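*Asks:* Below: one structure in structure tokens.
Protein chains: 2
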Amino acid sequence: METPIKREATCEQELAAIRDSLEILGGKWKLRIMRYLNNHIDEKNTFKKIQREVEGISAKMLSKELRELEINLLVTRTVMETRPITVNYAMTEYGLSVFPVTETLVDWGLNHREKIK
Amino acid sequence: METPIKREATCEQELAAIRDSLEILGGKWKLRIMRYLNNHIDEKNTFKKIQREVEGISAKMLSKELRELEINLLVTRTVMETRPITVNYAMTEYGLSVFPVTETLVDWGLNHREKIK
DNA sequence: GTAACCGGTAACCATTAGTTAACCGATAAC
DNA sequence: GTTATCGGTTAACTAATGGTTACCGGTTAC
Chain U
1 METPIKREAT
11 CEQELAAIRD
21 SLEILGGKWK
31 LRIMRYLNNH
41 IDEKNTFKKI
51 QREVEGISAK
61 MLSKELRELE
71 INLLVTRTVM
81 ETRPITVNYA
91 MTEYGLSVFP
101 VTETLVDWGL
111 NHREKIK
Chain P
1 METPIKREAT
11 CEQELAAIRD
21 SLEILGGKWK
31 LRIMRYLNNH
41 IDEKNTFKKI
51 QREVEGISAK
61 MLSKELRELE
71 INLLVTRTVM
81 ETRPITVNYA
91 MTEYGLSVFP
101 VTETLVDWGL
111 NHREKIK
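Going down the list, the protein sequences come from chains U and P. For the first sequence, the working numbering gives the first residue as 1, with consecutive numbering after it. For the second sequence, the working numbering gives the first residue as 1, with consecutive numbering after it.
Quick look at the structure:
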């Protein structure tokens, strides 16, 4: 993975950058899926397995979200010639760059739960 | 601001934490508003000023999003006795804890724009 | 033969998110 | 007296999100 370059930006550019990020990573499921894949990077992650572990997601949504992540080169989809056929989803090199985003959200969420308790 | 404690968590807990974070910070506008306020922390940030600078947001959405941020103790709302009356919005101490989240999204967005160019 | 697992898709529906435009009272500027 | 500013609210609407159920072909286990 290439080291991300630290960039300078005006407030306006920063807000546009957040908008761009959310266009690709926003919504209820994408960052959760990315985090799951990041936590299981050396395993085979089939459709059903992801659906079991990303709690609450329907087949329809999972299918749609994975397709969009694939289009944005964050995830790869590989049909495995097993019996029955399985499909393996994996993070790309580029997908790894999302890790800091999920990390800050995990930290914030854990901290928030403590705070409101 | 208290130093956030680093917490250990299972994958399941991490995904739940992301869900919690997104319940409060998710959607098209909240993180952009938070970033704007963070970048103008020592200024008076009136409703109209925020609306001008968070490009594209309507009065209705801004009003709704600020109300929700206020409910979650991330932002304060203060009516100023100026003529005409203005309303000042400011980040709370707790609101500052969102900074790392917006920071990673800014970085990712800037990097992504470079990448797809 | 029947049931179950895999990786989905299709149709339908309800809810939420977000946009647009008009409007409000109060005050100030011309 | 008219227009503009401030901080919104309201209504009407469309688009996007998401859930539910049923179903598909292919394969394996009983």
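For glycine and all other residues, C-beta sits at the position ideal for the given N, C-alpha and C. Please read these numbers as outputs of a predicted model, since none were measured by experiment.
Please check if any C-beta of chain U sits within less than 8 Å of the C-beta of residue 65/P.
*Replies:* no
*Asks:* Kindly say whether residue 75/P, judged by its beta-carbon, lies nearer than 8 Å to any beta-carbon of chain U.
*Replies:* Taking 8 Å as the CB threshold, residue 75/P stays off the interface with chain U.
*Asks:* Which residue or residues does DSSP assign as beta-bridge partners of residue 90/U?
*Replies:* 76/U
*Asks:* Can you tell me whether DSSP reads residue 82/U as helix, strand or coil?
*Replies:* coil
*Asks:* Can you confirm whether residue 87/P, when its beta carbon is compared against all beta carbons of chain U, has any partner nearer than 8 Å?
*Replies:* The beta carbon of residue 87/P sits no closer than 8 Å to any beta carbon of chain U.
*Asks:* Which residues in chain P sit within 8 Å of residue 100/U, going by Cβ to Cβ distance?
*Replies:* The contacting residues are 104, 107, 108.
*Asks:* Nearest-angstrom Cα distance between residue 69/P and residue 84/P?
*Replies:* 25 Å
*Asks:* How close, in whole Å, do the beta carbons of residue 31/U and residue 105/U come, if the pair is a contact with beta carbons under 8 Å?
*Replies:* 6 Å
*Asks:* Identify which residue in 96/U, 29/U, 18/U has its Cα closest to the Cα of residue 23/P.
*Replies:* 29/U
*Asks:* Below 8 Å between beta carbons: does that hold for residue 66/P and residue 94/P?
*Replies:* Going by beta carbons, residue 66/P and residue 94/P fall outside the 8 Å limit.
*Asks:* Just verifying my parser: in three-state terms, what is the DSSP assignment at residue 102/U?
*Replies:* helix
*Asks:* Tell whether a beta-carbon distance below 8 Å holds between residue 76/U and residue 46/U.
*Replies:* no
*Asks:* Does residue 91/P pass the burial test, meaning 16 or more other C-beta atoms within 10 Å, or should it be called exposed?
*Replies:* buried
*Asks:* Among the residues of its own chain, which have a CB less than 6 Å from the CB of residue 80/U, if the five just before and after it don't count?
*Replies:* 86, 88
*Asks:* Could you check the C-alpha separation between residue 102/U and residue 115/U for me, to the nearest Å?
*Replies:* 20 Å
*Asks:* Residue range of the alpha helix (DSSP H) that residue 53/U falls in?
*Replies:* 47-53
*Asks:* Using a Cβ-Cβ distance cut-off of 8 Å, determine whether residue 48/P contacts chain U.
*Replies:* no
*Asks:* At which residues does the alpha helix (DSSP H) containing residue 58/U begin and terminate?
*Replies:* For residue 58/U, there is no enclosing alpha helix (DSSP H), since its DSSP letter is neither H nor E.
*Asks:* Examine chain P for any beta-carbon lying closer than 8 Å to the beta-carbon of residue 71/U, and answer yes or no.
*Replies:* no
*Asks:* Compare the C-beta of residue 42/P against all C-beta atoms of chain U and say whether one is closer than 8 Å.
*Replies:* no
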